[in-house]
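K.L.:
One structure coming up, written as structure tokens, with questions to follow.
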Amino acid sequence: MNCDEIQARLDAWVDDALPVAEAAAVATHLRDCEPCRAEAAALRALVAQARALPRSVLPGRDLWSGIEARLAPVGGTIRPSPARERPGPAAWRPLLAAAALGGLLLGAALASHWLREAPDREFAREQARYAEASAALSRALTGDATGLAPETRAVVERTLSILDQAIAEAEAALAADPRNATLEQMLLARYQQRLDLLRRAAAVSGSVS
Amino acid sequence: VLAEDGGASQDAGKAQPAPGGDLARAVAALPAGARTVFVLYDIEGYQHDEIAQLTGIAEGTSKAQLHRARRLLREAMSR
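If you read the protein sequences in the order shown, they are chains A and B. For the first sequence, the positions run 217 to 425 when this note's numbering is used. For the second sequence, the positions run 2 to 80 when this note's numbering is used.
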């Protein structure tokens with residue numbers, strides 16, 4: 217590989233995402249090429265610095281595990297039941313579209329919160345956008361042809377109810393203390409959890425991989 | 002937020018200067034697409050397929066945006 221080919225692979229190399237053979241080729245090149253080695257070192261330093269930054273308010277990765285366990289059959293792993301192996305993708309399309317939209321908006325909002333405290337108007341705008349996405353999700357879930365087995369749907373709805381209560385409490389707290397950035401972050405995190413639940417429920421239904 | 006990126010979202014190809022070499026400030030000055038992917042991947046720890054699912058962009062676009070973000074950040078941090 218020449219230097220251009222190496223440079224094009226440095227991101228993946230730093231992330232340990234290259235196939236073994238390519239990673240070996242990059243390592244060999246770096247041993248003999250000082251400029252590329254310096255590039256790799258600088259990239260590694262940047263990534264290490266970024267990964268040392270505090271994570272934002274995105275829900276922890278283990279959040280889903282509890283919900284997933286509740287959705288899974290007793291003693292088994294999550295697997296679409298015969299009745300929902302083909303859940304009718306059309307029924308989920310609006311849900312997934314809304315989830316994607318909500319994820320985008322919430323991702324942007326959460327990133328914004330990591331970068332700086334969002335002014336009130338920004339938070340209010342994100343909150344309104346969430347409400348719009350959430351309404352679309354709720355409409356999709358209230359239909360009969362969601363593709364979810366009745367028992368799974370019941371669990372999802374119960375979990376949504378719990379999250380809705382948490383959201384209501386956070387909204388009430390924020391109403392009493394409207395400039396509290398921590399409460400804003402907590403509320404956005406609850407929004408994200410709700411959207412994640414719906415997205416994961418769609419995945420469990422077998423309509424997405 | 003993405004919609005509030007203003008001049009940065011127009012992506013003139015350069016991140017804004019990072020006073021004091023502050024990575025957080027340099028991240029804040031990234032174009033919206035690059036910033037979102039960088040935060041989700043390098044800070045939050047999401048993978049490209051997850052970012053694609055979360056944001057609706059293609060996985061390849063996520064990789065390209067990450068590359069772009071890291072390049073812009075290195076330029077900004079080296080000033």
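Virtual Cβ for every residue (Gly too), placed ideally from N, Cα, C.
1. Measuring only the C-alpha atoms, how far is B:A59 from B:A53?
2. Is B:G23 close to chain A, meaning its C-beta is less than 8 Å from at least one C-beta of that chain?
3. Residues in the region 256 to 269 of chain A with C-beta within 7 Å of chain B's C-beta atoms, listed in sequence order?
4. To be precise: take each residue of the region 226 to 242 of chain A, compare its Cβ to all Cβ atoms of chain B, and keep it if any distance is under 7 Å. Which residues remain?
5. Is it the case that the region 259 to 270 of chain A contacts the region 234 to 244 of chain A, given that we only count it when at least three CB pairs across the two stretches are under 8 Å?
6. Please confirm if B:R71 has its CB atom under 8 Å from at least one CB of chain A.
7. Thinking just about the alpha-carbon of each residue, which of B:H68, B:A25, B:D50, B:Q48 is nearest to the one in B:G34?
8. What separation, rounded to the nearest whole angstrom, lies between the Cα atoms of A:L364 and A:T375?
9. What three-state label does DSSP hand A:A391 in the structure shown?
10. Could you check which residue in B:M78, B:K64, B:R80 has the C-alpha nearest to that of A:W229?
11. Drop a sphere of 10 angstroms on the beta-carbon of A:A384, count the other beta-carbons inside from all chains shown, and report buried for 16 or more, exposed for fewer.
12. Would A:L234 and A:A256 be called neighbours here (beta carbons separated by less than 8 Å)?
13. Does A:Q401 come out as helix, strand or coil in the three-state DSSP assignment?
14. What three-state label does DSSP hand A:L364 in the structure shown?
15. Please report how far the alpha carbon of A:L269 lies from the alpha carbon of A:D220, in whole angstroms.
16. Decide if B:A29 is buried, meaning its Cβ has at least 16 other Cβ atoms within 10 Å, or exposed.
17. Could you pull the start and end residues of the alpha helix (DSSP H) that A:M217 belongs to?
18. Under a Cβ-count criterion, where at least 16 other Cβ atoms within 10 Å of its own Cβ denotes burial, should A:R406 be classed as buried or exposed?
19. For the alpha helix (DSSP H) that B:P32 lies in, which residues bound it at each end?
20. What did DSSP end up calling A:Q409 once you bin it into helix, strand or coil?
21. Taking the alpha carbon of B:L41 as the reference point, which residue from B:Q66, B:D23, B:A27 has its own alpha carbon closest?
P.N.:
Once the coordinates are examined:
1. The residue you call residue 59 of chain B lines up with position 58 of the second sequence. The residue you call residue 53 of chain B lines up with position 52 of the second sequence. The straight-line gap from Cα to Cα measures roughly 5 Å.
2. Along the second sequence, one-based indexing puts residue 23 of chain B at 22. Reading the sequence as shown, one finds Asp at residue 23 of chain B and not Gly. Chain A, which has no Cβ nearer than 8 Å to the Cβ of B:D23, makes this no.
3. A258, L259, L262, V263, Q265, A266, R267, L269
4. D227
5. no
6. Walking along the second sequence from the start, residue 71 of chain B turns up at place 70. Interface residue, yes.
7. Reading the second sequence from its first residue, position 33 is the one you call residue 34 of chain B. The option with the nearest alpha carbon to B:G34 is B:H68.
8. If you number the first sequence from 1, residue 364 of chain A lands on position 148. If you number the first sequence from 1, residue 375 of chain A lands on position 159. Each residue's alpha carbon lies about 15 Å from the other.
9. In the first sequence, the residue the question calls residue 391 of chain A occupies position 175. Reduced to three states, the DSSP call for A:A391 is helix.
10. The residue labelled residue 229 of chain A in the question sits at position 13 within the first sequence. Among B:M78, B:K64, B:R80, the Cα nearest to that of A:W229 belongs to B:K64.
11. For the purposes of this step, residue 384 of chain A is identified with residue 168 of the first sequence, where counting begins at 1. Burial call: exposed.
12. Sequence index remark: in the first sequence, residue 234 of chain A carries index 18 (1-based). Sequence index remark: in the first sequence, residue 256 of chain A carries index 40 (1-based). For A:L234 and A:A256, no; Cβs fall outside 8 Å.
13. By one-based count along the first sequence, residue 401 of chain A stands at place 185. Residue state, collapsed to three classes: helix.
14. Position 148 of the first sequence, counting from 1, holds the residue named residue 364 of chain A. It is coil, neither helix nor strand.
15. For the purposes of this step, residue 269 of chain A is taken as residue 53 along the first sequence, with counting starting at 1. For the purposes of this step, residue 220 of chain A is taken as residue 4 along the first sequence, with counting starting at 1. Answer to the nearest angstrom: the Cα atoms are 30 Å apart.
16. Numbered from 1 along the second sequence, position 28 holds the residue referred to as residue 29 of chain B. B:A29 is buried by the Cβ-count criterion.
17. Indexing the first sequence from 1 puts residue 217 of chain A at position 1. No alpha helix (DSSP H) holds A:M217; DSSP gives it neither H nor E.
18. Translated into positions along the first sequence, residue 406 of chain A becomes position 190. Buried: at least 16 other Cβ atoms inside 10 Å.
19. Position 31 of the second sequence holds residue 32 of chain B. Per DSSP, B:P32 belongs to no alpha helix (DSSP H) and is neither H nor E.
20. Position 193 of the first sequence, counted from the first residue, corresponds to residue 409 of chain A. Three-state result, A:Q409: helix.
21. Your numbering for residue 41 of chain B matches position 40 in the second sequence. Among B:Q66, B:D23, B:A27, the Cα nearest to that of B:L41 is on B:Q66.
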